[in-house]
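Those protein sequence lines, which keep their order, are chains H and D.
Heads up: the first sequence begins at 0 in numbering that gives the first Met the number 0, then just goes up one per residue.
Heads up: the second sequence begins at 0 in numbering that gives the first Met the number 0, then just goes up one per residue.
Worksheet for the structure shown next.
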Amino acid sequence: MGLTRKDLLEIRSLEPGEIQTILDTAASMKEIASREIKKVPALRGKTVVNLFLEPSTRTRTSFEIAGKWLSADVVNVSGSSSSVVKGETLVDTARNIEAMSPDCVVIRHAASGAAHMLARVLRCSVVNAGDGMHEHPTQALLDLLTIREKRGHLEGLSVAIVGDIAHSRVARSNIAGMRKMGMSVTVAGPPTLIPPGVEELGVKVARRMEDALRDVDVIMMLRLQQERMTANYIPSLREYSRLYGLSLEKLRGARDDVLIMHPGPVNRGIEMAPEVADGPYSVILEQVANGVAVRMAILYLLIGAQGGEG
Amino acid sequence: MDLLIRNGRVIDPANGLDAPGDLLIQGGRVARIGARLEAPPGTETVDAGGRVVAPGFIDIHVHLREPGQEYKETIATGTRAAAAGGFAAVACMANTEPVNDTRAVTDYILAEARSRGIVRVYPIGAVTKGLAGRELAELGELAEAGCIAYSDDGRPVMNSALLRRALEYAQAFGRPIVSHAEDAALSEGGVMHEGFVSTDLGLRGIPAAAEEIMVARDVALAELTGTPVHIAHVSTAAAARLLRDAKARGVPVTGEVTPHHLILTDEALRAYDPNAKMAPPLRSKRDVEACREALADGTLDAIATDHAPHALTDKEVELDHAANGVVGLETAVALCLTHLVREGVLDLSTLIARLTVGPARVLGLPGGSLAPGTPGDVTVLDLAREHVIEPARFRSKARNTPFGGQAVVGAPWLTVVGGRIVMRDGRVAGDSGW
Numbered sequence: 000m001g002l003t004r005k006d007l008l009e010i011r012s013l014e015p016g017e018i019q020t021i022l023d024t025a026a027s028m029k030e031i032a033s034r035e036i037k038k039v040p041a042l043r044g045k046t047v048v049n050l051f052l053e054p055s056t057r058t059r060t061s062f063e064i065a066g067k068w069l070s071a072d073v074v075n076v077s078g079s080s081s082s083v084v085k086g087e088t089l090v091d092t093a094r095n096i097e098a099m100s101p102d103c104v105v106i107r108h109a110a111s112g113a114a115h116m117l118a119r120v121l122r123c124s125v126v127n128a129g130d131g132m133h134e135h136p137t138q139a140l141l142d143l144l145t146i147r148e149k150r151g152h153l154e155g156l157s158v159a160i161v162g163d164i165a166h167s168r169v170a171r172s173n174i175a176g177m178r179k180m181g182m183s184v185t186v187a188g189p190p191t192l193i194p195p196g197v198e199e200l201g202v203k204v205a206r207r208m209e210d211a212l213r214d215v216d217v218i219m220m221l222r223l224q225q226e227r228m229t230a231n232y233i234p235s236l237r238e239y240s241r242l243y244g245l246s247l248e249k250l251r252g253a254r255d256d257v258l259i260m261h262p263g264p265v266n267r268g269i270e271m272a273p274e275v276a277d278g279p280y281s282v283i284l285e286q287v288a289n290g291v292a293v294r295m296a297i298l299y300l301l302i303g304a305q306g307g308e309g
Numbered sequence: 000m001d002l003l004i005r006n007g008r009v010i011d012p013a014n015g016l017d018a019p020g021d022l023l024i025q026g027g028r029v030a031r032i033g034a035r036l037e038a039p040p041g042t043e044t045v046d047a048g049g050r051v052v053a054p055g056f057i058d059i060h061v062h063l064r065e066p067g068q069e070y071k072e073t074i075a076t077g078t079r080a081a082a083a084g085g086f087a088a089v090a091c092m093a094n095t096e097p098v099n100d101t102r103a104v105t106d107y108i109l110a111e112a113r114s115r116g117i118v119r120v121y122p123i124g125a126v127t128k129g130l131a132g133r134e135l136a137e138l139g140e141l142a143e144a145g146c147i148a149y150s151d152d153g154r155p156v157m158n159s160a161l162l163r164r165a166l167e168y169a170q171a172f173g174r175p176i177v178s179h180a181e182d183a184a185l186s187e188g189g190v191m192h193e194g195f196v197s198t199d200l201g202l203r204g205i206p207a208a209a210e211e212i213m214v215a216r217d218v219a220l221a222e223l224t225g226t227p228v229h230i231a232h233v234s235t236a237a238a239a240r241l242l243r244d245a246k247a248r249g250v251p252v253t254g255e256v257t258p259h260h261l262i263l264t265d266e267a268l269r270a271y272d273p274n275a276k277m278a279p280p281l282r283s284k285r286d287v288e289a290c291r292e293a294l295a296d297g298t299l300d301a302i303a304t305d306h307a308p309h310a311l312t313d314k315e316v317e318l319d320h321a322a323n324g325v326v327g328l329e330t331a332v333a334l335c336l337t338h339l340v341r342e343g344v345l346d347l348s349t350l351i352a353r354l355t356v357g358p359a360r361v362l363g364l365p366g367g368s369l370a371p372g373t374p375g376d377v378t379v380l381d382l383a384r385e386h387v388i389e390p391a392r393f394r395s396k397a398r399n400t401p402f403g404g405q406a407v408v409g410a411p412w413l414t415v416v417g418g419r420i421v422m423r424d425g426r427v428a429g430d431s432g433w
């Protein structure tokens with residue numbers, strides 16, 4: 000069974016059943032990673048272009064490996080969003096790539112809505128690998144897969160998302176996905192980094208981080224971009240770390256079996272103490288492994304033999 | 000030019016008139032309104048067929064882009080767009096290249112308007128040199144050259160002491176200052192209204208307070224100096240409330256609102272459409288309702304389009320990088336008739352007032368009335384005409400509108416400038432075979 004859509008742009012427009020299909024497909028893809036020869040012919044003859052216009056190593060690598068294990072030809076195009084703006088526009092770039100007949104373009108871009116814009120122009124499939132502060136759907140899917148593996152189900156679980164919610168596409172995609180799957184979400188962070196009207200997304204806002212952590216099944220820490228300090232969102236990294244960093248001490252109020260997640264890369268010592276990142280409840284590396292499986296599933300479902308292209 | 004418009008429903012809010020009648024223009028000025036007027040020899044006659052005959056509409060906020068950005072618009076194309084949209088006069092903002100901060104630029108605009116323009120063009124001069132917000136422009140020379148007001152529109156004058164001096168100095172020339180009210184520090188980096196929708200879309204927001212703060216400051220400076228301040232494109236409930244209170248206290252302030260701020264909310268950004276990006280941004284439903292109320296009760300004196308033409312290359316980019324602004328001259332009248340009059344927000348006479356006598360008084364312009372002796376500018380409306388907004392057919396060079404494809408009811412049918420017909424039933428002076 001494939002997805003009956005051309006693109007994967009955002010979690011918010013997926014049906015819960017589609018999320019289920021993606022997670023089930025990803026779970027079955029995981030077995031490929033353990034093979035001696037990590038290759039299946041599912042996407043032989045298909046071309047995937049990774050158009051990464053914002054720096055990214057892990058997401059690009061993850062998509063590249065996913066495509067290659069499925070036997071697709073994977074081409075990486077990188078650049079910066081700003082240089083594309085100055086000369087060739089994003090639409091021009093997209094039309095030029097389209098002229099080379101790819102089956103799928105995976106785009107990472109600093110501007111919210113860039114993947115939507117590309118999807119309107121291109122006939123081939125478009126996968127959003129992160130657009131500005133809007134969404135990062137494959138990250139949310141790999142997070143859901145990781146939680147489901149660890150807990151056996153998603154419905155009824157509770158999650159605390161902590162940190163810079165305002166600027167986080169990971170938070171937006173996860174909130175959308177978790178709500179759709181029947182999970183409850185509490186966000187916490189400096190009030191300057193909690194965006195207006197966030198409750199309308201169906202989440203609770205905790206005033207103190209400790210309140211958010213109590214009794215939840217999952218703690219998801221977000222990466223703090225260091226430039227937030229210069230714009231006066233926070234007075235110092237030191238204070239941020241003290242109030243909103245996940246330390247062993249703060250963990251004392253949490254459940255014994257709580258899962259600790261982070262989309263990476265971790266600012267060790269800022270949003271998370273090293274002993275927490277490397278501790279027994281951290282599933283950060285499982286998230287990375289599941290990233291490849293989820294991206295294989297997405298590529299397969301969108302452009303595979305039974306994919307719902309068009 | 001002599002013209003007799005027969006068989007109309009003459010609505011002239013400045014003189015409290017709404018009655019069937021004929022309108023005679025002689026020597027380019029209104030001569031008479033009456034029943035069954037005779038056409039003197041050599042007078043062109045138009046049968047209005049019962050349509051609404053109003054004073055020529057005035058848009059006190061447009062960007063004609065010339066000199067300097069002729070790829071977006073020119074005085075020729077911009078005034079043709081105005082005529083097509085039922086506007087007999089426009090006031091054009093100073094953010095050209097070079098900026099209209101010297102006599103030479105004003106002279107150029109007026110010369111182009113005379114030779115290639117087809118409606119009246121009133122230049123607005125800069126408040127500060129180069130719109131840089133640091134030094135006063137030569138306001139006296141700009142007034143002598145023909146500027147009818149001053150504005151750094153597009154940029155707020157952030158320095159309150161400088162704006163205070165500008166307001167004091169402008170008194171010598173009897174010209175108001177038009178304020179683009181936006182606290183630049185609060186709006187920095189923002190691309191849309193700040194609220195739930197910006198949170199949902201992951202776009203940087205501009206809080207309503209960015210406008211409110213500057214309107215409060217401008218009201219205080221108008222009160223301090225006694226010089227009239229006109230607030231451009233009011234978009235928030237708070238700004239409307241501040242203006243209402245200030246007017247009640249007798250402070251010399253006025254305000255305008257655009258059709259898009261009266262019709263659309265921040266929900267229009269949902270598809271990341273760059274044609275829904277402008278400054279100030281589309282606001283919340285509550286703000287739209289407050290602006291409508293303020294327009295109806297006279298707190299807001301005028302509807303102005305903030306016609307901001309852009310080329311496709313300025314708009315067909317990521318929303319973060321897209322230019323601010325929408326075109327308005329060719330859609331304003333139909334949109335207002337459809338969304339304001341038909342929906343019962345304003346009666347027809349009030350809408351006409353906000354497009355005629357209201358804007359004329361704000362900037363001290365001639366016109367806006369059909370009193371004998373006033374300029375023979377007329378707009379005739381066909382209230383029944385149903386059509387679809389088609390950007391491809393605009394007379395403007397630009398197509399940047401979020402209203403393309405929308406069905407509307409009502410349209411301008413005739414535009415007359417000084418007794419000369421410049422648009423008739425969709426055809427504009429200078430069209431082939433005109």
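Glycine included, every Cβ here is placed at the ideal spot set by N, Cα and C.
(Q) To the nearest angstrom, how far is the alpha carbon of V104 of chain H from that of N49 of chain H? (A) Residue 104 of chain H sits at position 105 when you count from the first residue of the first sequence. Residue 49 of chain H sits at position 50 when you count from the first residue of the first sequence. About 6 Å.
(Q) Would H108 of chain H and G131 of chain H be called neighbours here (beta carbons separated by less than 8 Å)? (A) The residue you call residue 108 of chain H lines up with position 109 of the first sequence. The residue you call residue 131 of chain H lines up with position 132 of the first sequence. Contact: yes.
Q.
Helix, strand or coil for E30 of chain H? Go by DSSP, reduced to three states.
A. Against the first sequence, residue 30 of chain H aligns to sequence position 31. Correct three-state label for E30 of chain H: helix.
Q) With which residues is A383 of chain D paired in a DSSP beta bridge? A) For this step, residue 383 of chain D is matched to residue 384 along the second sequence. Its beta-bridge partners do not exist; DSSP assigns none.
**Q.** Length-filtered (3 minimum) beta strand (DSSP E) runs lying within the segment 262-335 of chain D
**A.** none
Q) When DSSP labels each residue in this structure, what does M99 of chain H get in the three-state scheme? A) As a working note, residue 99 of chain H is residue 100 in the first sequence. Reduced to three states, the DSSP call for M99 of chain H is coil.
Q. Do the CB positions of V184 of chain H and I218 of chain H come within less than 8 Å of each other?
A. The sequence position of residue 184 of chain H within the first sequence is 185, counting from 1. The sequence position of residue 218 of chain H within the first sequence is 219, counting from 1. Cβ atoms of V184 of chain H and I218 of chain H: not closer than 8 Å.
Q | Classification of V186 of chain H by the beta-carbon crowding that lies within 10 angstroms, buried from 16 upward | A | Here residue 186 of chain H refers to the residue found at position 187 when the first sequence is read from its first residue. Counting Cβ neighbours within 10 Å, V186 of chain H comes out buried, since at least 16 surround it.
(Q) If you follow the beta strand (DSSP E) that M92 of chain D is in, where does it begin and where does it stop? (A) Counting from 1 along the second sequence, the entry for residue 92 of chain D is found at position 93. Element bounds for M92 of chain D: n/a, residue is neither H nor E.
Q) Residue ranges of each beta strand (DSSP E) run of no fewer than 3 residues wholly in the segment 97-169 of chain H, ordered along the chain? A) 103-108, 124-130, 157-161
**Q.** Residues in the segment 16-45 of chain H having any Cβ partner in chain D nearer than 9 Å
**A.** none
(Q) Could you compute how far the alpha carbon of S14 of chain H sits from the alpha carbon of K179 of chain H? (A) Counted from its first residue, the first sequence places residue 14 of chain H at position 15. Counted from its first residue, the first sequence places residue 179 of chain H at position 180. It should be pointed out that residue 14 of chain H corresponds to Glu in this sequence rather than to Ser. Taking the straight line from one Cα to the other gives about 8 Å.
**Q.** Range covered by the alpha helix (DSSP H) that runs through G425 of chain D
**A.** If you number the second sequence from 1, residue 425 of chain D lands on position 426. Premise fails: G425 of chain D is in no alpha helix (DSSP H) and is neither H nor E.
Q. In chain order, what residues of the same chain lie with their CB nearer than 8 Å to the CB of A118 of chain H, ignoring the 5 residues before and after it?
A. Locating residue 118 of chain H in the first sequence gives position 119, counting from the first residue. Answer for A118 of chain H: K5, D6, L8, V125, listed in chain order.
Q) So the alpha helix (DSSP H) N289 of chain H belongs to, where does it begin and stop? A) If you number the first sequence from 1, residue 289 of chain H lands on position 290. 283-302 is the extent of the alpha helix (DSSP H) around N289 of chain H.
Q | Near-chain H residues of the segment 307-322 of chain D (beta-carbon distance less than 8 Å), N- to C-terminal order | A | T312, E315, V316, E317, L318, D319, H320
**Q.** Alpha-carbon spacing of T355 of chain D relative to T378 of chain D, whole angstroms
**A.** For the purposes of this step, residue 355 of chain D is taken as the residue at position 356 of the second sequence. For the purposes of this step, residue 378 of chain D is taken as the residue at position 379 of the second sequence. So the two alpha carbons sit approximately 10 Å from each other.
Q | Distance CB(T76 of chain D)-CB(K396 of chain D) smaller than 8 Å | A | Stepping through the second sequence from its first residue, residue 76 of chain D is reached at position 77. Stepping through the second sequence from its first residue, residue 396 of chain D is reached at position 397. Yes; because the gap between Cβ atoms is below 8 Å, this pair is in contact.
Q. What number of angstroms, rounded off, separates the C-alpha of T337 of chain D from the C-alpha of L143 of chain H?
A. The count along the second sequence starts at 1 and reaches residue 337 of chain D at position 338. The count along the first sequence starts at 1 and reaches residue 143 of chain H at position 144. Cα to Cα, T337 of chain D sits roughly 48 Å from L143 of chain H.
Q. For the segment 169-208 of chain D, which segments carrying the alpha helix (DSSP H) assignment without a break, of at least 4 residues, lie completely within its bounds, in sequence order?
A. 183-186, 195-200
Q. Whose CA, out of D:G139, D:A125, D:E143, D:G132, lies closest to the CA of S150 of chain D?
A. Translated into positions along the second sequence, residue 150 of chain D becomes position 151. For the residues D:G139, D:A125, D:E143, D:G132, the minimum Cα distance to S150 of chain D belongs to D:A125.
Q) Can you give the Cα-Cα distance for A321 of chain D and L311 of chain D, rounded to whole angstroms? A) To locate residue 321 of chain D, count along the second sequence from 1; it is residue 322. To locate residue 311 of chain D, count along the second sequence from 1; it is residue 312. Distance between the alpha carbons of A321 of chain D and L311 of chain D is about 10 Å.
Q: State the beta-bridge partners of R43 of chain H as determined by DSSP.
A: In the first sequence, counting from the first residue as 1, residue 43 of chain H sits at position 44. Paired residues: none, contrary to the question.
Q: Classify M271 of chain H as helix, strand or coil using the three-state DSSP reduction.
A: On the first sequence, position 272 is the one that residue 271 of chain H refers to. In the structure shown, M271 of chain H sits in a strand (DSSP, three-state: E or B).
Q: Answer yes or no: the CB of Q25 of chain D versus the heavy atoms of the ligand ZN, is any distance below 7 Å?
A: The ligand ZN is absent from the structure shown, which contains no ligand whatsoever.
Q. For a contact meaning CB atoms closer than 9 Å, what does G162 of chain H contact in chain D?
A. Along the first sequence, one-based indexing puts residue 162 of chain H at 163. What G162 of chain H touches in chain D: nothing, since even the nearest Cβ is about 15 Å away.
Q) So is M99 of chain H buried or exposed if we call it buried at 16+ other beta carbons inside 10 Å? A) The count along the first sequence starts at 1 and reaches residue 99 of chain H at position 100. Under this definition M99 of chain H is an exposed residue.
Q.
By DSSP's criteria, S77 of chain H is part of a beta bridge. Which residues make up the other side?
A. Here the question's residue 77 of chain H lines up with position 78 in the first sequence. Answer is H:F51.
Q.
So for Q19 of chain H, helix, strand or coil by DSSP?
A. As a first step, residue 19 of chain H is located in the first sequence; it is residue number 20 there, counting from the start. Correct three-state label for Q19 of chain H: helix.
Q. Helix, strand or coil for V218 of chain D per DSSP?
A. On the second sequence, residue 218 of chain D is found 219 positions in, with the first residue counted as 1. Three-state result, V218 of chain D: helix.
Q) Would the beta-carbon of G196 of chain H fall within 8 Å of that of T78 of chain D? A) Within the first sequence, numbered from 1, the residue matching residue 196 of chain H stands at position 197. Within the second sequence, numbered from 1, the residue matching residue 78 of chain D stands at position 79. Going by C-beta atoms, G196 of chain H is not nearer than 8 Å to T78 of chain D.
Q) Quick one: what's got a C-beta closer than 6 Å to G225 of chain D's C-beta in the same chain, skipping five residues either side? A) Reading the second sequence from its first residue, position 226 is the one you call residue 225 of chain D. Closer than 6 Å at Cβ, skipping near neighbours: no residue.
Q: Using a Cβ cut-off of 8 Å (strictly closer), state whether R8 of chain D contacts chain H.
A: Counted from its first residue, the second sequence places residue 8 of chain D at position 9. No - not a single Cβ of chain H is within 8 Å of the one on R8 of chain D.
Q. What's the gap between the Cα of G48 of chain D and the Cα of E317 of chain D?
A. Position 49 of the second sequence, counted from the first residue, corresponds to residue 48 of chain D. Position 318 of the second sequence, counted from the first residue, corresponds to residue 317 of chain D. Computed Cα separation, rounded: 48 Å.
Q: Step through the CB atoms of chain D and report whether any lies within less than 8 Å of the CB of A113 of chain H.
A: The residue you call residue 113 of chain H lines up with position 114 of the first sequence. It does; some Cβ of chain D falls within 8 Å.
**Q.** Enclosing alpha helix (DSSP H) for D106 of chain D [first to last residue]
**A.** What you label residue 106 of chain D is simply residue 107 of the second sequence in a count that begins at 1. Run containing D106 of chain D: 102-115, per the alpha helix (DSSP H) assignment.
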